[in-house]
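Residue numbers (numbering that gives the first Met the number 0), protein chains in the order written: chain A, 0 to 159; chain B, 0 to 159; chain C, 0 to 159; chain D, 0 to 159. Ideal Cβ placement from N, Cα and C applies to all residues, glycine included.
There are 4 protein chains.
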Amino acid sequence: MYWNETEIKIRYSEVDRMNVVHNSKYFIFQEQAKHDFLEKNSLNKKFSDENGYFSPVIENRMIYLKPATFGEKIKVRIALFEIAAAEMKYISAIFNEKEEVLAVGFVSNCISNKKMRPLAIKKENEEEYLKFKKFEVKEKFENLNKKEIINFFKNEKFRI
Amino acid sequence: MYWNETEIKIRYSEVDRMNVVHNSKYFIFQEQAKHDFLEKNSLNKKFSDENGYFSPVIENRMIYLKPATFGEKIKVRIALFEIAAAEMKYISAIFNEKEEVLAVGFVSNCISNKKMRPLAIKKENEEEYLKFKKFEVKEKFENLNKKEIINFFKNEKFRI
Amino acid sequence: MYWNETEIKIRYSEVDRMNVVHNSKYFIFQEQAKHDFLEKNSLNKKFSDENGYFSPVIENRMIYLKPATFGEKIKVRIALFEIAAAEMKYISAIFNEKEEVLAVGFVSNCISNKKMRPLAIKKENEEEYLKFKKFEVKEKFENLNKKEIINFFKNEKFRI
Amino acid sequence: MYWNETEIKIRYSEVDRMNVVHNSKYFIFQEQAKHDFLEKNSLNKKFSDENGYFSPVIENRMIYLKPATFGEKIKVRIALFEIAAAEMKYISAIFNEKEEVLAVGFVSNCISNKKMRPLAIKKENEEEYLKFKKFEVKEKFENLNKKEIINFFKNEKFRI
Chain A
0 MYWNETEIKI RYSEVDRMNV VHNSKYFIFQ EQAKHDFLEK NSLNKKFSDE
50 NGYFSPVIEN RMIYLKPATF GEKIKVRIAL FEIAAAEMKY ISAIFNEKEE
100 VLAVGFVSNC ISNKKMRPLA IKKENEEEYL KFKKFEVKEK FENLNKKEII
150 NFFKNEKFRI
Chain B
0 MYWNETEIKI RYSEVDRMNV VHNSKYFIFQ EQAKHDFLEK NSLNKKFSDE
50 NGYFSPVIEN RMIYLKPATF GEKIKVRIAL FEIAAAEMKY ISAIFNEKEE
100 VLAVGFVSNC ISNKKMRPLA IKKENEEEYL KFKKFEVKEK FENLNKKEII
150 NFFKNEKFRI
Chain C
0 MYWNETEIKI RYSEVDRMNV VHNSKYFIFQ EQAKHDFLEK NSLNKKFSDE
50 NGYFSPVIEN RMIYLKPATF GEKIKVRIAL FEIAAAEMKY ISAIFNEKEE
100 VLAVGFVSNC ISNKKMRPLA IKKENEEEYL KFKKFEVKEK FENLNKKEII
150 NFFKNEKFRI
Chain D
0 MYWNETEIKI RYSEVDRMNV VHNSKYFIFQ EQAKHDFLEK NSLNKKFSDE
50 NGYFSPVIEN RMIYLKPATF GEKIKVRIAL FEIAAAEMKY ISAIFNEKEE
100 VLAVGFVSNC ISNKKMRPLA IKKENEEEYL KFKKFEVKEK FENLNKKEII
150 NFFKNEKFRI
């Protein structure tokens, strides 16, 4: 399936006293990858602050498999796997330079007005909704448990 | 069920440009609450760095329901809901001053050696394992979906 | 001289791989102390977002003397030492539980409009300016070098 | 004078509710630039954790001139301007894509043992000291005030 890839070099300030990237930082990386995906595909303008919209995160999840440390270069691959009525669901996978999976993450956001009230995406802007829809992959990850998610990545050939 | 409670006042630096607490910060709050629970119950010494152990996070999850902003006082309630062979599973719920649930989170960590190799907790230190075991609540959250989790909190009377 | 005091407990996520609080976090603590000072003295309302103002930081400085680590309780004492035409200058000192100085910091902010254009504070709101003016301490720190600053804290009796 | 340059793209999580990069993040950028300078010039190995050394920051300073926001690409230029007995002093300048100076910073670190006791750099490892010494620029910034620092950057032709 199609993935967008973002390279990140681990900063000193991102590593904790176990000498590994602090667990909260993976959500920063996942978010950066999401914004990078949106920007590269010109999906970052219509549902933006300037046009009266917010996109608050409504769910975040991260499964940690292998640590990374200061100075390492990682790759965050992200894909939009479902665009529901008022929710966009992404899956991400973080790799080190040896192509080992370090973490698998999920992030969902809704489109809302500036008072944080969620809006029906398609109704709000059908043209933009359809642009997002084109990036939706066929795979479903919603009901997979941790083991099944890890297995998925064993077999996935990343098309970037 | 029994919950440990930690009060936190939102810092300016924790708020993003939507004027709400940034999604990654909830994991910082959840972690602070976990450490507070461990410290208050004297569970923070045996499986510590000083004794040759690490406790890396192996899974993190957060469901966001309502935003909080700069200056607000929040309460993070956390409970140990399962201590498995090599994994400790916590659930947390974050409240504002009106007692509204802002977010529900999950965090699991393992006990590992300093090379990040997970260890069987009970075998490693049975006395300490049993001390943790006493805090394990009966409720199971593992297979609940988002709706069921939210429903749980509608009816929960927090014993702190 | 008069100081406002804020207690902070060091989080796990604030410590780096040298097992000490990361240098950038002291600016977060100093900022929290500044906001705490403003709130306690009802100085946080007039020059606020709601009233069309921003208060961007225009200078930050920190001299690090002794490290602190995870779980420690620190006290951040802060004082307004000069309110100039368009700038407010604060000094802070961070202490551990043994009353040792860990760091000495400085932060200045201006009052600006929402386009970040600095405004003359007194002209903008003289009543509010005079309220700030009352907190201004007589000591001047501007031209002191590092050694002189450290010496100042050797003799200072903190009135809180 | 000679500068090392590091490009950084501003993350969403680095922006505060004024929609500008939070003041504390500039120290993260400056630190990243310093590590990048050290790595590019193979100065990051001898005085490292692996060899029994720490390099704690002993002073940090930042003068903020113009804001940057989410998605912007900035360049952090850094130079070693003094290597003293037990201290290394760096100056940095942060630019936007229009080559406007956004901030000017200073960071000093010492070389210490793992108990944070500072060591005389030259005595500890003269060969490494001399490698650092080669990068020392002639300009002195120590006793310049804010205005003089800003003026310096008006005339500086950056050799990278």
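One thing to note: residue 71 of chain C has its Cβ within 8 Å of the Cβ of residue 9 of chain C. Excluding sequence positions up to five before and after residue 137 of chain D, its CB lies within less than 8 Å of the CB of 0, all in the same chain and listed in chain order. Identification of chain D residues near residue 63 of chain B by a Cβ-Cβ cut-off of 7 Å yields none; the smallest Cβ-Cβ distance measures about 15 Å. Judged by beta-carbon spacing, residue 66 of chain B lies within the 8 Å limit of residue 19 of chain B, meaning their Cβ atoms are closer than that value. Closest by C-alpha distance to residue 59 of chain A, out of B/36, B/75, B/104, is B/104.
Listed by position along chain B, the residues whose Cβ is nearer than 9 Å to that of residue 25 of chain D form an empty set, because the closest Cβ is around 13 Å away.
In this structure, residue 79 of chain C and residue 131 of chain C form a Cβ contact; the two beta carbons are roughly 7 Å apart against a cut-off of 8 Å. When secondary structure is reduced to three states using DSSP, residue 71 of chain D falls in the coil class, being assigned neither helix nor strand. Here residue 77 of chain C is near residue 3 of chain C, since their CB atoms are less than 8 Å apart. A Cβ of chain A is located within less than 8 Å of the beta carbon of residue 18 of chain C.
Short of 6 Å from the beta carbon of residue 32 of chain C, and not among the five residues preceding or following it, lie these beta carbons of its own chain, in chain order: 5, 75, 77, 91. With a threshold of 16 other beta carbon atoms within 10 Å, residue 41 of chain C falls short and is exposed. Within chain B, the residues whose beta carbon sits less than 7 Å from that of residue 12 of chain C are 27, 30, listed in sequence order.
If you look at residue 28 of chain C, you'll find it in the alpha helix (DSSP H) that goes 24-39. At a cut-off of 8 Å between C-beta atoms, residue 69 of chain A counts as an interface residue with respect to chain C. Among the residues of chain B, those whose CB is under 7 Å from the CB of residue 57 of chain A are 63, following chain order. Nearest CB-CB separation between residue 115 of chain D and chain C: below the 8 Å threshold.
Ranking C/87, C/124, C/50 by CA distance to the CA of residue 113 of chain C puts C/50 first.
Ranked by Cα distance from residue 133 of chain B, the options B/82, B/147, B/116 are led by B/82. Taking the Cα positions, residue 147 of chain C is about 23 Å away from residue 73 of chain C. Excluding sequence positions up to five before and after residue 128 of chain D, its CB lies within less than 6 Å of the CB of 120, 121, all in the same chain and listed in chain order. Apart from sequence neighbours up to five positions away, the residues of its chain that approach residue 102 of chain D with a beta-carbon distance below 7 Å are 25, 61, 62, 63, 64, 93, ordered along the chain. Secondary structure at residue 52 of chain A: coil, using DSSP grouped into helix, strand and coil. With 16 or more neighbouring CB atoms inside 10 Å of its own CB, residue 22 of chain B falls in the buried class. The shortest CA-to-CA distance from residue 139 of chain D to any of D/88, D/111, D/108 is the one to D/88. A residue is called buried once 16 or more other Cβ atoms fall within 10 Å of its Cβ, and residue 30 of chain D is buried on that count.
Under DSSP, residue 61 of chain A takes part in a beta bridge, and its partners are A/104, B/59. For residue 110 of chain B, no alpha helix (DSSP H) run applies, since DSSP gives it neither H nor E.
Note on geometry: alpha-carbon atoms of residue 7 of chain C and residue 97 of chain D lie some 40 Å from one another. With respect to the 8 Å criterion, residue 57 of chain C and residue 86 of chain C are classified as neighbours on the basis of their beta carbons. Taking 8 Å as the CB threshold, residue 53 of chain A lines the interface with chain B.
In the displayed model, residue 125 of chain D falls within a helix according to three-state DSSP. Within chain B, the residues 11, 12, 14, 15, 16 have their CB atoms less than 9 Å from the CB of residue 15 of chain D, given in chain order. For residue 21 of chain B, the closest Cβ of chain D is nearer than 8 Å.
In this chain, the beta strand (DSSP E) harbouring residue 8 of chain B covers 3-8. In the assembly as shown, residue 110 of chain D is a buried residue. Its beta-carbon has 16 or more other beta-carbons within 10 Å.
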